[in-house]
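Converting from the sequence shown to the numbering used here requires adding 35 to each position, the first position being numbered 1.
Below is one structure, written out as structure tokens; comments come after it.
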Amino acid sequence: MSIPAQASGAPDAEPDGPEGRLRRFATIWSRAIFPSTATSMTRPEFEEHLLPLARDLSGILHARPFDAAPAQRVGAALVAAHCTDPDALSSSLGVVDSYLVLYCGGNGPVALSTEDSRARCARIQHALAGGFTQALRERTLAEQEAIARSALAARSQAEQALHATEERFRAVFKDAAIGIGIADLDGNILEINDTLTRMFGGLENHVRSHKVNEWVHPEDSPHVWKYYDELVRGEREHYSVEKPYYRNDGTVLWTNLTVSLLRDPQGRPEYQLALMEDTTERRLLNLRLRYEATHDALTGLPNRTLFFERLEKALAFREDMRFGLCYLDLDGFKAINDSLGHAAGDRLLVEVADRLQSCATAPGEMVARLGGDEFVALTTGPRTQEEVHELAGRILSALATPVRLDGRELTVRGSVGVVEGPSGSRTAADVLRSADITMYRAKAAGGNRFALADAAADARAITRHGLTTALPTALDRGEFFIEYQPLVHLGDGTVHGAEALVRWCHPQHGVLGPDRFIPLAEHTGLIVPLGRWVLEESVRQANFWQERHTDGGPLRINVNLSPTQLHHPGLVAETVDVLERSGLEPGALCLEVTESALIGADDDLLKPLRQLAEMGVDIALDDFGTGYSNLANLRRLPVSVLKLDRSFTQGMQQHPADPVDLKIVEGIVALAHSLDLAVTVEGVETGAQAEQLRRIGCDTAQGWYYARPGAPDRIHSLLLADAV
Numbered sequence: 036m037s038i039p040a041q042a043s044g045a046p047d048a049e050p051d052g053p054e055g056r057l058r059r060f061a062t063i064w065s066r067a068i069f070p071s072t073a074t075s076m077t078r079p080e081f082e083e084h085l086l087p088l089a090r091d092l093s094g095i096l097h098a099r100p101f102d103a104a105p106a107q108r109v110g111a112a113l114v115a116a117h118c119t120d121p122d123a124l125s126s127s128l129g130v131v132d133s134y135l136v137l138y139c140g141g142n143g144p145v146a147l148s149t150e151d152s153r154a155r156c157a158r159i160q161h162a163l164a165g166g167f168t169q170a171l172r173e174r175t176l177a178e179q180e181a182i183a184r185s186a187l188a189a190r191s192q193a194e195q196a197l198h199a200t201e202e203r204f205r206a207v208f209k210d211a212a213i214g215i216g217i218a219d220l221d222g223n224i225l226e227i228n229d230t231l232t233r234m235f236g237g238l239e240n241h242v243r244s245h246k247v248n249e250w251v252h253p254e255d256s257p258h259v260w261k262y263y264d265e266l267v268r269g270e271r272e273h274y275s276v277e278k279p280y281y282r283n284d285g286t287v288l289w290t291n292l293t294v295s296l297l298r299d300p301q302g303r304p305e306y307q308l309a310l311m312e313d314t315t316e317r318r319l320l321n322l323r324l325r326y327e328a329t330h331d332a333l334t335g336l337p338n339r340t341l342f343f344e345r346l347e348k349a350l351a352f353r354e355d356m357r358f359g360l361c362y363l364d365l366d367g368f369k370a371i372n373d374s375l376g377h378a379a380g381d382r383l384l385v386e387v388a389d390r391l392q393s394c395a396t397a398p399g400e401m402v403a404r405l406g407g408d409e410f411v412a413l414t415t416g417p418r419t420q421e422e423v424h425e426l427a428g429r430i431l432s433a434l435a436t437p438v439r440l441d442g443r444e445l446t447v448r449g450s451v452g453v454v455e456g457p458s459g460s461r462t463a464a465d466v467l468r469s470a471d472i473t474m475y476r477a478k479a480a481g482g483n484r485f486a487l488a489d490a491a492a493d494a495r496a497i498t499r500h501g502l503t504t505a506l507p508t509a510l511d512r513g514e515f516f517i518e519y520q521p522l523v524h525l526g527d528g529t530v531h532g533a534e535a536l537v538r539w540c541h542p543q544h545g546v547l548g549p550d551r552f553i554p555l556a557e558h559t560g561l562i563v564p565l566g567r568w569v570l571e572e573s574v575r576q577a578n579f580w581q582e583r584h585t586d587g588g589p590l591r592i593n594v595n596l597s598p599t600q601l602h603h604p605g606l607v608a609e610t611v612d613v614l615e616r617s618g619l620e621p622g623a624l625c626l627e628v629t630e631s632a633l634i635g636a637d638d639d640l641l642k643p644l645r646q647l648a649e650m651g652v653d654i655a656l657d658d659f660g661t662g663y664s665n666l667a668n669l670r671r672l673p674v675s676v677l678k679l680d681r682s683f684t685q686g687m688q689q690h691p692a693d694p695v696d697l698k699i700v701e702g703i704v705a706l707a708h709s710l711d712l713a714v715t716v717e718g719v720e721t722g723a724q725a726e727q728l729r730r731i732g733c734d735t736a737q738g739w740y741y742a743r744p745g746a747p748d749r750i751h752s753l754l755l756a757d758a759v
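Pasting the structure below:
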């Protein structure tokens, strides 16, 4: 049968397209196995025959979820195409191993990692080999069993009449490619052919000296001898099983065994006929492929695939059973790779793997490498609450001894996330995610320690991740809005201006304050477009206030600048552009920068702030007093306003005020005024506090005593009345 080629005009048929790469794979495959194939097709016809099988292999490689079992049908299809020579199987496995990922690895909808694609390829080889050998075995067994039955019938007739028929039976029996044995119903072995004798080590008396029911092996399936008893009683006509035997030298022979019941002319059970196929080498091949698919090539540890199998088994509900998981990530491993090279990093990982293996030697414990510098250790049993803590401690202790590489001593540190619980309580994915989150908490706490899983912390981390993922599209969807908190002049109680405070109206979590998402925006870089949007909206609103309410005097707008915005090269140009397009005077804008962002700032960092200050834009030093900066640095900073942190004025909320807080604030105000700096106080919540700050000489204030952040129209209503 041949399959017509795809039209050459299709895009996928281009040499570098998916169909073109698939055809090159089929060409290589056909050239490898055609010489050993008994077929009437020409090689081009044979190539077209292999093309749909190659397409099946490509689809299996990229299947989600991945399942290598369909590759068995590809192996069976080779047998059906008369590719029955052993070289055809080995050549096919070699082609799949060398070229499947190379030519078909990029044909799927989602790109596969190198490690994942090689693991999938190994499992596909395993399934293809299994399908090939299973189909070949069934074909051979069918042929041989028919031959054996014919031979036995010929023998019976020869005993009765014809010597020639007996000779033909002997020829077939002796030269069969599989082992054949005949025994009576008591298990006494009557006849065996040379093939079966060779399978058992070449000693015929070793086989004949045992009855059939004496060939017991510890790895026999439970149903083997049940089937045997049913057969000799005449209740079963045949059965097929995989069965191991001991050879005369003590080694193990693995076979595919088919036993059939032979009856006399009256239908009474008379003999049992055994057909044996030697599968020892195939079993070893399967074990090797299985090992390669489930173990890390670098360290020899179980890989992610095998670990998940073990973890899912440990999580299956069993009464009084628990599990404990340690998720390890090396601290600073990237620096070792970058400085010493990946070869040194690989040797370090091998040493770490050896040490971890020495930590998990008890029954129910295992260590695996998930990838990179991430390892996991699993323990199971009824007392994992204590055991998993001890295991985590042993892991950190094992890493404490420096590792010598190329004459250097490297200190290895690690962060471990620990999850423990009863079996049947959650899925493997949930457990690993919790362990991963917990490991990062240990790393954030300084590393070289282990942390215990906490459901509340996991929920916060998952929520934080969800917010981070939603941030990029939230700005496009218009989910952000701005509230304004008035800045009140302490001298006369009039509204001096307002601070713009961004909020996020999240579809699921409601209104979120900046403390929930600004750090995430900083981390992802979204703070730059978000900050520009806040600046544009705030300046537009300030210009609207001035145009509509000229009798109330100009209102200043305070906008916060994050450290990332401060480093953004387009800060000055974007600010100028926003002001020019809105028509707002630069003096009506105040940019607030936290004191911590300016600690140790050099002239390059201060240059954009100086340029803005020279234009007339006010620069406010926010959270002053929390950054441990040298007060002498105020001379070199281009600021015109100090915003005193609320922690310095909390002691003034009651009367009489805390004398220490009072002296500190008096000193800061005096210093600021001596440098021609205005002082704004945050967090004013009581009238006593406001009065104290007014007496000290603070210029402006904001806080809940005056107004909470709100919509922009509230500023005008506050403007028309006494702020206090």
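From the three backbone atoms N, C-alpha and C, an ideal C-beta is built for every residue, glycine too.
Given the structure is predicted, the values throughout are model-derived calculations rather than measurements.
Assigned exposure category for residue i - 16 Cβ within 10 Å defines buried
| i | result |
| --- | --- |
| Asp373 | exposed |
| Pro643 | buried |
| His352 | Here residue 352 turns out to be Phe, not His, going by the sequence shown. The residue is exposed, with fewer than 16 neighbouring Cβ atoms inside 10 Å. |
| Trp580 | buried |
| Asp550 | exposed |
| Lys369 | exposed |
| Ser597 | buried |
| Trp260 | exposed |
| Ala397 | exposed |
| Tyr740 | buried |
| Val251 | exposed |
| Ala623 | buried |
| His558 | exposed |
| Tyr326 | exposed |
| Lys278 | buried |
Beta-carbon contacts of residue i that lie in its chain and below 8 Å, excluding the five residues immediately before and after
| i | result |
| --- | --- |
| Gly526 | Arg729 and Asp734 |
| Ala746 | Glu518 and Tyr519 |
| Gln169 | Gln107, Gly110 and Ala111 |
| Pro437 | Glu444, Leu445, Thr446 and Val447 |
Sequence-distant residues of its chain with Cβ nearer than 6 Å to residue i (five each side left out)
| i | result |
| --- | --- |
| Gly44 | Confidence at Gly44 is low in this model, with a pLDDT of 41, below 50, so its placement is unreliable and the value that follows should be read with caution. Closer than 6 Å at Cβ, skipping near neighbours: no residue. |
| Ala61 | Glu82, Leu85, Leu86 and Ala89 |
| Asn595 | Glu627 |
| Thr415 | Ala349, Phe358 and Gly399 |
CB contact flag (residue i, residue j, <8 Å)
| i | j | result |
| --- | --- | --- |
| Val411 | Leu363 | yes |
| Ile217 | Thr230 | no |
| Leu413 | Phe358 | yes |
| Gly57 | Tyr134 | Per the sequence shown, the amino acid found at residue 57 is Leu instead of Gly. Contact flag unset, no. |
| Leu677 | Val714 | yes |
| Glu316 | Asn291 | no |
| Asn321 | His97 | no |
| Ala403 | Leu341 | yes |
| Phe343 | Arg282 | no |
| Phe552 | Trp568 | no |
| Asp658 | Ser675 | no |
| Gln179 | Leu333 | no |
| Ala725 | Ala742 | no |
| Glu630 | Leu647 | no |
| Val563 | Gln600 | yes |
Bridge partner(s) assigned by DSSP for residue i
| i | result |
| --- | --- |
| Gly260 | Position check: residue 260 holds Trp in this sequence, whereas Gly was assumed. Trp260 pairs with nothing; no bridge assigned. |
| Trp289 | Pro279 |
| Gly745 | Tyr519 |
| Thr414 | Gly359 and Glu400 |
| Asn593 | Glu534 and Cys625 |
| Ile224 | Ala218 |
| Ala438 | Inspection of the sequence shows that residue 438 is occupied by Val rather than by Ala. Val438 pairs with Leu445. |
Residues near residue i in its chain [Cβ-Cβ closer than 7 Å; skip 5 each side]
| i | result |
| --- | --- |
| Glu572 | Ile517 |
| Ser458 | Ala349, Leu350, Ala351, Phe352, Arg353, Met356, Arg357 and Phe358 |
| Met76 | His84 |
Whole-angstrom C-beta distance between residue j and residue i, which should lie under 8 Å
| i | j | result |
| --- | --- | --- |
| Thr503 | Leu555 | 5 Å |
| Ala470 | Gly452 | 4 Å |
| Asn593 | Gly532 | 6 Å |
| Leu384 | Asp408 | 7 Å |
Test: residue i CB closer than 8 Å to a CB of chain D
| i | result |
| --- | --- |
| Arg495 | This model lacks chain D altogether; it includes just one protein chain. |
Residue i Cβ short of 7 Å to the ligand ATP heavy atom set
| i | result |
| --- | --- |
| Gly302 | Questions concerning the ligand ATP fall outside what the structure shown contains, since it holds no ligand whatsoever. |
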